[in-house]
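Notes for the one structure printed next.
Number of protein chains: 2
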Amino acid sequence: MPVPAEALTALGNVLGGRLSRSGPDLDQHGRSETWFPKALPDAVAYPETVDEVAAIARICAAHGCPLTAWGAGTSLEGHALAIKGGICVDFTRMNRVLKINPEDMDAVVQPGVTREALNVELRATGLFFPVDPGANATLGGMASTRASGTTAVRYGTMRDNVLALQVVLADGRVIRTGTRARKSSAGYDLTGLFVGAEGTLGLITELTVRLQGQPEAISAAVCAFDAIGPAVDTVIQTIQLGIPMARIEFVDEATAAAVNAYAGARFPVKPHLMVEFHGSASGVAEQAEAFGEIVADNGGAGFEWSARPEDRTALWTMRHNAYYACLASRPGATALVTDLCVPISKLAQAVEETRADIARSHIPGPILGHVGDGNFHAILLVDPDNPVELAEAKRLAHRMTERALRLGGTISGEHGIGMGKLGHMAAEHGPAWDVMGEIKRALDPLGLMNPGKMIRQE
Amino acid sequence: MPVPAEALTALGNVLGGRLSRSGPDLDQHGRSETWFPKALPDAVAYPETVDEVAAIARICAAHGCPLTAWGAGTSLEGHALAIKGGICVDFTRMNRVLKINPEDMDAVVQPGVTREALNVELRATGLFFPVDPGANATLGGMASTRASGTTAVRYGTMRDNVLALQVVLADGRVIRTGTRARKSSAGYDLTGLFVGAEGTLGLITELTVRLQGQPEAISAAVCAFDAIGPAVDTVIQTIQLGIPMARIEFVDEATAAAVNAYAGARFPVKPHLMVEFHGSASGVAEQAEAFGEIVADNGGAGFEWSARPEDRTALWTMRHNAYYACLASRPGATALVTDLCVPISKLAQAVEETRADIARSHIPGPILGHVGDGNFHAILLVDPDNPVELAEAKRLAHRMTERALRLGGTISGEHGIGMGKLGHMAAEHGPAWDVMGEIKRALDPLGLMNPGKMIRQE
Ligand SMILES: Cc1cc2nc3c(=O)[nH]c(=O)nc-3n(C[C@H](O)[C@H](O)[C@H](O)COP(=O)(O)OP(=O)(O)OC[C@H]3O[C@@H](n4cnc5c(N)ncnc54)[C@H](O)[C@@H]3O)c2cc1C
Ligand SMILES: Cc1cc2nc3c(=O)[nH]c(=O)nc-3n(C[C@H](O)[C@H](O)[C@H](O)COP(=O)(O)OP(=O)(O)OC[C@H]3O[C@@H](n4cnc5c(N)ncnc54)[C@H](O)[C@@H]3O)c2cc1C
Numbered sequence: 001m002p003v004p005a006e007a008l009t010a011l012g013n014v015l016g017g018r019l020s021r022s023g024p025d026l027d028q029h030g031r032s033e034t035w036f037p038k039a040l041p042d043a044v045a046y047p048e049t050v051d052e053v054a055a056i057a058r059i060c061a062a063h064g065c066p067l068t069a070w071g072a073g074t075s076l077e078g079h080a081l082a083i084k085g086g087i088c089v090d091f092t093r094m095n096r097v098l099k100i101n102p103e104d105m106d107a108v109v110q111p112g113v114t115r116e117a118l119n120v121e122l123r124a125t126g127l128f129f130p131v132d133p134g135a136n137a138t139l140g141g142m143a144s145t146r147a148s149g150t151t152a153v154r155y156g157t158m159r160d161n162v163l164a165l166q167v168v169l170a171d172g173r174v175i176r177t178g179t180r181a182r183k184s185s186a187g188y189d190l191t192g193l194f195v196g197a198e199g200t201l202g203l204i205t206e207l208t209v210r211l212q213g214q215p216e217a218i219s220a221a222v223c224a225f226d227a228i229g230p231a232v233d234t235v236i237q238t239i240q241l242g243i244p245m246a247r248i249e250f251v252d253e254a255t256a257a258a259v260n261a262y263a264g265a266r267f268p269v270k271p272h273l274m275v276e277f278h279g280s281a282s283g284v285a286e287q288a289e290a291f292g293e294i295v296a297d298n299g300g301a302g303f304e305w306s307a308r309p310e311d312r313t314a315l316w317t318m319r320h321n322a323y324y325a326c327l328a329s330r331p332g333a334t335a336l337v338t339d340l341c342v343p344i345s346k347l348a349q350a351v352e353e354t355r356a357d358i359a360r361s362h363i364p365g366p367i368l369g370h371v372g373d374g375n376f377h378a379i380l381l382v383d384p385d386n387p388v389e390l391a392e393a394k395r396l397a398h399r400m401t402e403r404a405l406r407l408g409g410t411i412s413g414e415h416g417i418g419m420g421k422l423g424h425m426a427a428e429h430g431p432a433w434d435v436m437g438e439i440k441r442a443l444d445p446l447g448l449m450n451p452g453k454m455i456r457q458e
Numbered sequence: 459m460p461v462p463a464e465a466l467t468a469l470g471n472v473l474g475g476r477l478s479r480s481g482p483d484l485d486q487h488g489r490s491e492t493w494f495p496k497a498l499p500d501a502v503a504y505p506e507t508v509d510e511v512a513a514i515a516r517i518c519a520a521h522g523c524p525l526t527a528w529g530a531g532t533s534l535e536g537h538a539l540a541i542k543g544g545i546c547v548d549f550t551r552m553n554r555v556l557k558i559n560p561e562d563m564d565a566v567v568q569p570g571v572t573r574e575a576l577n578v579e580l581r582a583t584g585l586f587f588p589v590d591p592g593a594n595a596t597l598g599g600m601a602s603t604r605a606s607g608t609t610a611v612r613y614g615t616m617r618d619n620v621l622a623l624q625v626v627l628a629d630g631r632v633i634r635t636g637t638r639a640r641k642s643s644a645g646y647d648l649t650g651l652f653v654g655a656e657g658t659l660g661l662i663t664e665l666t667v668r669l670q671g672q673p674e675a676i677s678a679a680v681c682a683f684d685a686i687g688p689a690v691d692t693v694i695q696t697i698q699l700g701i702p703m704a705r706i707e708f709v710d711e712a713t714a715a716a717v718n719a720y721a722g723a724r725f726p727v728k729p730h731l732m733v734e735f736h737g738s739a740s741g742v743a744e745q746a747e748a749f750g751e752i753v754a755d756n757g758g759a760g761f762e763w764s765a766r767p768e769d770r771t772a773l774w775t776m777r778h779n780a781y782y783a784c785l786a787s788r789p790g791a792t793a794l795v796t797d798l799c800v801p802i803s804k805l806a807q808a809v810e811e812t813r814a815d816i817a818r819s820h821i822p823g824p825i826l827g828h829v830g831d832g833n834f835h836a837i838l839l840v841d842p843d844n845p846v847e848l849a850e851a852k853r854l855a856h857r858m859t860e861r862a863l864r865l866g867g868t869i870s871g872e873h874g875i876g877m878g879k880l881g882h883m884a885a886e887h888g889p890a891w892d893v894m895g896e897i898k899r900a901l902d903p904l905g906l907m908n909p910g911k912m913i914r915q916e
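Protein chains in written order, with the working numbering: chain X, 1 to 458; chain P, 459 to 916.
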């Protein structure tokens, strides 16, 4: 259903030249980072204020027109694709850091601020925003997917790092969901409800986020193992000893090879752990020593600590580019990215079974992940023009979600549902999925906010 | 409206002798720990299984009969009082620890398990459940008020420590809201929605909670200050330096005097901080030293570290009895307990203004709190038979909530809304309060779950 002309006129009156129907604009907002087919919105809106966002919502409500938010478009399950058409609300022009409160270690930001931009602005304060999904995502998008990343094992996910939100509801009402207090027992946790809602309940127009103090000392290391088992056992033992890692990442041998080829690195083609510790100088030294013993017990090698910032930056840049390295390892391929998260005691089993399953298929699927949380991804590389491969990747992904649930885990540790996981929601949530639908209908009775996502489709 | 006879018959068929209408039973479930007038339920149900709870919900729904959950009845805002009559669902017989998963550091428990009972069962595992609201509350009650307490500054509140719930909805449906995975982006955060909902959206019949490793070393201390200002400044500086406290509690001179009289302690009648550090032996020593310097800079005295378990137990028992000590300081009094939480930079101002306000009134109001979170309480001691005093206490409490909001904080840091804070919800939440009502109506369309609480009353 195309957007009615009156709606476009009304939106144009509000936004002027910031309502775009240009081909390239629609096209850019109709693609995702992964395998999903193109789905173009009818128009892209670039609001600059909460009032404009509220006006957009009211106009869309009046004309029954879908509206789908767009942050940086880096989500991996086709989240931001306007699959029912309508208006794409692109938040890139709402990209200001409104307030930094160093003494309270929080900041108030607009949703289009990227995590890198925020951290640049924070540099002088000795504080940083810890959630780190590799991609340079927006804070609004990260909140909406309940993102996490390499540092969640220490600093938590977006669930833990958003204190409060300003949200525009489907009918244009503007609400605030919290205060700058560190905790509250005053009413239903609406902040928590909008975090992870993928834009299906409202549009986030402002976030108050927690910040962390730059640690006095940081130390990072990478080490290789002969097999996945001992690498994962190292993670489990480290957690159980209560050693507070800031990051602990796993990459398998396929990923190591891909990174070597892509970034000129020289990792042995083996499974690796990449770790980082934050704390006082002596605390970090103590942690590094204890961790080193566990690595040695598990036959890990090539283990070397570095406290030099440039080495660390090189290490994490490599890790952050691992997805693109994997993509490049099969020229022309697109990816289906899976996202299991299981209790840590089941991690080795989950990784081993997944690996065996992929090995039996004819699709490459490097594995990497935030193993400190029990979370890992297989990057299933498929020829976009080969439906047999895509079907095979979906079958593997489906078996991974079944495996996650069988092992007491979740179908998505951090990427979210979007289009790709909708078919698995019933298996994870059973009748609780209906409750999500009831909440959706209460807040968005016309079903206009990112339609086709998150809830059971009639 | 009394409960219809058919409803009682049906409930009796399910529960047999575990449906009680005895006077003492009704009376015991009609009182709270604080100043609220008695409000008796029509009957008390003691379910033993989730199926019985679901049957109770279905019968109540069929007969339009209110149902209000009861944990340990220690909540401070009249939360568990059945102010519209109906059935009180007492969870004390669902008090089993169902499963401890030491390797994953989680446990599955029934809602009637108390935090002390859980920690006794955990002793042999080297793990503990950290959330500590002083009172020996139930896990179901603690989840429902989003409780925290002395250790939240380090380990978080119930929001952070509940991984998943089993919930019986108003119509008797049974749902699960999560898995044992440490994080998830799969759908709306229903766990977070039921945590803090005060039994107005569903009855919690099972909880999966996070556990923590017993720290290798613990060190505690208490120190006195000449005035509130330097005590609070000590807290702020400690947080800003990133020293990881496990507990940091404030008591003012009135509380110190009350504790001396009640427990035979010998605190100087001055403001005090009580702190505890958890970590490795060297880590704790380092933290204690750094903290000691801050205390000295702020003129703190009598500062002494103790790592002996019996000293620590004595200290925290004293702290946990502070509420009863304050009550006993005015024989025959009842209490109105306030519960501000503000950004840490506003803590000194909030405490000082509150103290000045109380000093100008004719009511005693010792102040104490979990200052590491910016959270503190005034215990306003009133003669229950003197309406003028009660009115004065309410006026002070009202001004405290206004102060909290003016300083960017919340009207309740941890106790919740119950009956006492309902009148302040609009001020904190504005139109977001209506959204809570919309969610309530979606999940409990007949308005039977703990009616009269949480949402705007028509
Ligand atoms: C190389 C690579 C690595 C990645 N690594 C990680 C990782 O480690 N961890 C992780 O969690 N994710 C990871 N991701 C996924 C992605 O970065 C996250 O999902 C991120 O949170 C998306 O943010 P975005 O700004 O790109 O949002 P978008 O993709 O633009 O949108 C995501 C969803 O949020 C909605 N939305 C966006 N803005 C708003 C708003 N203001 N209000 C309401 N709804 C809104 C959209 O409608 C959509 O449903 C990775 C992606 C890539 C490409
Ligand atoms: C001396 C003292 C000190 C305290 N200190 C603190 C403190 O430091 N921090 C703090 O947070 N609180 C504190 N409290 C308050 C109190 O302990 C908490 O509010 C606690 O969480 C209440 O638990 P409970 O089991 O007693 O619940 P109850 O009082 O029985 O019930 C509380 C609410 O939860 C609902 N409920 C109970 N069980 C369920 C269930 N299974 N499903 C759904 N709803 C349910 C009830 O209907 C009610 O609305 C203190 C209280 C006292 C008396």
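Every residue gets a Cβ at the ideal spot worked out from N, C-alpha and C, and that includes glycine. Note that the structure is a prediction, hence the values are computed from the model and not measured.
**Q.** Chain-ordered chain X contacts of M883(P) [CB-CB under 8 Å]
**A.** Going along chain X in sequence order, the residues near M883(P) (Cβ under 8 Å) are A186, G187.
**Q.** Cross-chain neighbours of E744(P) in chain X, by beta carbon under 9 Å
**A.** Going along chain X in sequence order, the residues near E744(P) (Cβ under 9 Å) are S280, S282, G283.
Q) Taking buried to mean at least 16 other C-beta atoms within 10 Å of its own C-beta, is L98(X) buried or exposed? A) Under this definition L98(X) is an exposed residue.
Q | Residue-chain proximity (D373(X), chain P), Cβ-Cβ < 7 Å | A | D373(X) has a beta carbon lying within less than 7 Å of a beta carbon in chain P.
Q) For the stretch 480-517 of chain P, which segments carrying the beta strand (DSSP E) assignment without a break, of at least 3 residues, lie completely within its bounds, in sequence order? A) Unbroken beta strand (DSSP E) stretches of 3 residues or longer found wholly inside the stretch 480-517 of chain P: 501-503, given in chain order.
Q: Use the C-beta contact count for A426(X): other C-beta atoms within 10 angstroms, 16 or more gives buried, fewer gives exposed.
A: Label assigned to A426(X): exposed.
(Q) Based on DSSP bridge pairs, tell me the residues matched to H272(X). (A) DSSP lists A224(X), V251(X) as the beta-bridge partner residues of H272(X).
Q. Where DSSP assigns a beta bridge to Q212(X), which residues make up the other side?
A. Answer is F128(X), bridged to Q212(X).
Q: Identify the contact partners of P431(X) in chain A, using a Cβ-Cβ distance below 9 Å as the criterion.
A: Judged by its chain identifiers, the structure shown contains no chain A, and its protein chains are X and P.
Q: Please work out which residues of its chain come closer than 6 Å, Cβ to Cβ, to A301(X), disregarding the five sequence neighbours upstream and downstream, and give them in chain order.
A: Excluding sequence neighbours, A301(X) sits near A224.
Q: Under 8 Å by Cβ, that's how I've got L139(X) and L211(X) pegged, so tell me the actual separation to the nearest angstrom.
A: About 12 Å; that fails the 8 Å criterion.
Q: Check each residue of the stretch 503-536 of chain P: if its Cβ is closer than 7 Å to any Cβ of chain X, include it; give the result in chain order.
A: The stretch 503-536 of chain P vs chain X, Cβ under 7 Å: nothing.
(Q) Give me the chain P residues within the contact set of T179(X), using Cβ-Cβ distance strictly less than 7 Å, ordered along the chain. (A) Those within 7 Å of T179(X) in chain P are G866, G867, T868.
Q.
Check whether chain P comes within 7 Å of D104(X), counting only Cβ atoms and requiring the distance to be less than that.
A. Judged by the 7 Å Cβ criterion, D104(X) is in contact with chain P.
Q: Determine contact between the stretch 242-259 of chain X and the stretch 267-285 of chain X, defined as no fewer than three beta-carbon pairs at a distance below 8 Å.
A: At 8 Å Cβ cutoff, the stretches touch.
**Q.** H478(X) burial status per 10 Å Cβ neighbour count (16 or more: buried)
**A.** Beyond the ends of chain X as shown, which are 1 and 458, falls residue 478(X); an answer cannot be given.
**Q.** Within-7 Å CB hit, P115(X) to chain P
**A.** The sequence shown places Arg at residue 115(X), not Pro. No - not a single Cβ of chain P is within 7 Å of the one on R115(X).
Q | Buried or exposed by the 16-neighbour rule on C-beta atoms within 10 Å, applied to P66(X) | A | So P66(X) counts as buried.
(Q) Below 8 Å on C-beta distance, what does G874(P) contact in chain X? (A) For G874(P), the C-beta contacts it makes with chain X under 8 Å involve S185, A186, in order along the chain.
Q | Complete alpha helix (DSSP H) runs within the stretch 397-455 of chain X (minimum length 4 residues, chain order) | A | As far as the stretch 397-455 of chain X is concerned, its whole alpha helix (DSSP H) runs of at least 4 residues are 425-429, 431-443.
Q. Thinking just about the alpha-carbon of each residue, which of E491(P), L534(P), L539(P), G910(P) is nearest to the one in A497(P)?
A. Ranked by Cα distance from A497(P), the options E491(P), L534(P), L539(P), G910(P) are led by L539(P).
Q: Using a threshold of 7 Å, state whether the C-beta atoms of R471(X) and G866(P) are closer than that.
A: Since the displayed chain X opens at 1 and closes at 458, residue 471(X) lies outside it and no answer follows.
Q: Spatial neighbours of E353(X) within its chain, please: CB distance less than 8 Å, with the 5 preceding and 5 following residues excluded, ordered by chain position.
A: Correct list, in chain order: R403.
Q.
Please report the distance separating the alpha-carbon of A170(X) from that of A849(P).
A. So the two alpha carbons sit approximately 41 Å from each other.
Q.
So with CB distances below 9 Å, who are the chain X contacts of M894(P)?
A. Within chain X, the residues near M894(P) are G187, Y188, L190.
Q) Would you say R640(P) and D373(X) are within 7 Å of each other, going by their C-beta atoms? A) Against a cut-off of 7 Å, the Cβ pair of D373(X) and R640(P) comes out as a contact.
Q. Would the beta-carbon of G413(X) fall within 7 Å of that of E77(X)?
A. Not a contact, by the Cβ cut-off of 7 Å.
Q. Helix, strand or coil for H778(P) per DSSP?
A. Here DSSP, grouped into helix, strand and coil, assigns H778(P) to helix.
Q. Going by Cα to Cα distance, which pick from A622(P), M600(P), D562(P) is closest to E574(P)?
A. Restricting attention to A622(P), M600(P), D562(P), the CA atom closest to the CA of E574(P) is found in M600(P).
Q. Counting along the chain, where does the alpha helix (DSSP H) carrying F291(X) start and finish?
A. Counted as a single uninterrupted DSSP element, the alpha helix (DSSP H) harbouring F291(X) occupies residues 281-297.
Q. If you scan the stretch 760-811 of chain P from start to end, which runs of the alpha helix (DSSP H) of 4 or more residues do you find wholly inside it?
A. Qualifying alpha helix (DSSP H) stretches, in chain order: 767-778, 780-786.
Q) Should G332(X) be labelled buried (16 or more other beta-carbon atoms within 10 Å of its own) or exposed? A) Counting Cβ neighbours within 10 Å, G332(X) comes out exposed, since fewer than 16 surround it.
Q) Just the Cα atoms here: how many angstroms apart are D815(P) and S677(P)? A) The straight-line gap from Cα to Cα measures roughly 36 Å.
Q: Answer yes or no: do V382(X) and A393(X) have a C-beta to C-beta separation smaller than 7 Å?
A: Taking 7 Å as the cut-off, the beta carbon of V382(X) is found closer than this to the beta carbon of A393(X).
Q. Beta carbon of Y323(X): closer than 6 Å to some heavy atom of ligand 1?
A. Correct: Y323(X) has its Cβ closer than 6 Å to ligand 1.
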